[in-house]
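J.: Here it is, the structure, as structure tokens.
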Amino acid sequence: MVDFACKEFEIEAVIKCGLNLTKAELQILKYFLQYGQNWLTTEKIAEELELNLSTVQRSVKKLYERKILIRSQNNMDGGGYFFVYKIRSKKDIHELIMEIVNSWVKRVDSELQSWADENQ
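Numbered per UniProt numbering, the sequence shown finishes at 120, counting up by one with no gaps.
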């Protein structure tokens, strides 16, 4: 639990907000955390979480683009390929969230400075 002035935040809410995740994306992130460094397919995730495959594919793509997941291409013998994903370390995700939080702190500081400078 994080206490910020007039409001307390569960750490899960900080992660969800900091990374700008939807409910499904957060659910998938938590699923990856359960499996550690195992490679997973979107089909397996959709089946296990009972989510629509296209929802999982969109969510995994966003998590990959935000550098939360690592992607690997597996080539099939008869041609074609499919992707598998695994989560980055909690340390990496922590650093990513802290970059976002520190950016927010800088913006708040700038806004407060502008506010303090008004009508002086």
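Ideal Cβ positions, reconstructed from N, Cα and C, are used throughout, including at glycine.
Under 7 Å between the Cβ atoms of Val108 and Tyr85?
T.: As a working note, residue 108 is residue 108 in the sequence shown. As a working note, residue 85 is residue 85 in the sequence shown. The answer is no: Cβ separation not under 7 Å.
J.: Which stretch, first to last residue, makes up the alpha helix (DSSP H) that contains Arg58?
T.: Indexing the sequence shown from 1 puts residue 58 at position 58. Residues Leu53 to Glu65.
J.: Quick one: give me the first and last residue of the alpha helix (DSSP H) that Leu29 is part of.
T.: Sequence index remark: in the sequence shown, residue 29 carries index 29 (1-based). Looking at the DSSP string, the run of the alpha helix (DSSP H) that includes Leu29 is Lys23 to Tyr35.
J.: Within 10 Å of its beta-carbon, does Phe32 have 16 or more other beta-carbons around it, so buried, or fewer, so exposed?
T.: What you label residue 32 is simply residue 32 of the sequence shown in a count that begins at 1. Looking at its Cβ environment, which holds 16 or more other Cβ atoms inside 10 Å, Phe32 is buried.
J.: To the nearest angstrom, report how far apart Leu53 and Thr42 are at their CA atoms.
T.: Counting from 1 along the sequence shown, the entry for residue 53 is found at position 53. Counting from 1 along the sequence shown, the entry for residue 42 is found at position 42. Using only the alpha carbons, I get a separation of about 7 Å.
J.: What are the boundary residues of the beta strand (DSSP E) that Leu40 is part of?
T.: Looking up residue 40 in the sequence shown gives position 40. Looking at the DSSP string, Leu40 is not in any beta strand (DSSP E), and its letter there is neither H nor E.
J.: Following the continuous alpha helix (DSSP H) through Ile97, name the residue where it begins and the one where it ends.
T.: Stepping through the sequence shown from its first residue, residue 97 is reached at position 97. Per DSSP, Ile97 belongs to the alpha helix (DSSP H) from Lys90 to Asp117.
J.: Could you give the residue range of the beta strand (DSSP E) that holds Glu8?
T.: For the purposes of this step, residue 8 is identified with residue 8 of the sequence shown, where counting begins at 1. That run of the beta strand (DSSP E) goes Lys7 to Phe9.
J.: Decide if the stretch 56-75 is in contact with the stretch 20-31; the criterion is three or more beta carbon pairs, one per stretch, under 8 Å apart.
T.: Yes: at least three Cβ pairs fall under 8 Å.
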